[in-house]
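Quick note, my numbering runs 126 ahead of the 1-based positions in the sequence shown. The beta-carbon is built from N, C-alpha and C at its ideal position, and this holds for glycine as well. Working notes, structure below.
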Amino acid sequence: MVRKLIAGNWKMNGLKADLETIRQVSAHVNSGETAPETLLCVPATLLSAAAETARGTALAVGGQTCSKLEKGAFTGDISAPMLAEAGATYVIVGHSERRTGHGETDAEVAGQAAAALKSGLTPIICVGETLAEREAGATLRIIESQLRGSLEGLETAGSFVIAYEPLWAIGTGKVATTGQIAEVHGFIRAFLAGRYGAPGNAVRILYGGSLNPSNAPEILPVPNVDGGLIGGASLKAADFLSIYETARALQV
Ligand code: 13P
């Protein structure tokens, strides 16, 4: 069985006072094969302190995006080596809020994933359709094209994670049905197995989009759901840990 990954995306939330949440989460989570892996992707300004707070525990910390380049005249951007030096071990790339708000293309995302890998970070590559695309019956076509573009140049599986985040379910309180999730995750699995062979079956596929303590017991057992990428509910230790416990019960 693939070890589940319960990951939080704090987005543009988090000041020093919120390190208390990191402390509470890291004090609770367990290491070992029967426990899910846990990760909180915090704002870059908090990375070093969060890594320090979580040091020696099973909680990993990660970034929320990175440049495809290592350094240079790119005001405001952050590179993968910078994230790694600050203590990140993962980085989210291609989140829909970056794709839509910052014009990041599949090619850009593929470059970011490659840069992350080069710095020893595990990229979490996000894909997802809009409501209009779903209503037009184009969901699987969109997912396939995002996967093809965003995985361009990534020749081996095992070093990255995929997150399926339907845009209409992000921050809306609307959750995809278990049938919709099963269909897309099954499709992503078949794509990965087709492209990478057996190692494609071990790539973790996370669901993201209004995942919370109440719906986690229904969503996390869906076939090919290997964990979650959690926005709002990752900001409170109790909520995040409740989802973690749900995953832990499924892991054994
Ligand atoms: P919400 O859980 O707040 O819907 O956010 C999901 C998300 O975008 C995680 O990356």
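Through-space distance from residue j to residue i, alpha-carbon basis
i           : j           : result
residue 263 : residue 183 : 44 Å
residue 214 : residue 238 : 15 Å
residue 379 : residue 374 : Since the first residue of the chain shown is 127 and the last is 378, residue 379 is not available in this structure.
residue 204 : residue 278 : 22 Å
residue 368 : residue 271 : 34 Å
residue 339 : residue 198 : 42 Å
residue 211 : residue 134 : 20 Å
residue 147 : residue 163 : 17 Å
residue 298 : residue 357 : 11 Å
residue 166 : residue 193 : 19 Å
residue 361 : residue 155 : 16 Å
Range of the contiguous alpha helix (DSSP H) that encloses residue i
i           : result
residue 305 : 304–322
residue 209 : 206–212
Residue i CB to nearest heavy atom of the ligand PLP below 8 Å
i           : result
residue 192 : Ligands present in the displayed structure are limited to the ligand 13P, and the ligand PLP is not among them.
Distance cut-off 8 Å: residue i Cβ against heavy atoms of the ligand 13P
i           : result
residue 338 : yes
residue 131 : no
residue 137 : yes
residue 298 : yes
residue 222 : yes
residue 242 : no
residue 335 : yes
Three-state class that DSSP yields for residue i in the structure shown
i           : result
residue 169 : coil
residue 243 : helix
residue 233 : helix
residue 249 : strand
residue 287 : strand
residue 227 : helix
residue 344 : helix
residue 189 : strand
residue 133 : strand
residue 219 : strand
Presumed contact (8 Å Cβ cut-off) between residue i and residue j, rounded CB distance
i           : j           : result
residue 334 : residue 289 : 5 Å
residue 273 : residue 314 : 7 Å
Span of the beta strand (DSSP E), counted from its first residue to its last, around residue i
i           : result
residue 331 : 331–334
residue 269 : Run containing residue 269: none in the beta strand (DSSP E); it sits in the alpha helix (DSSP H), 265–276.
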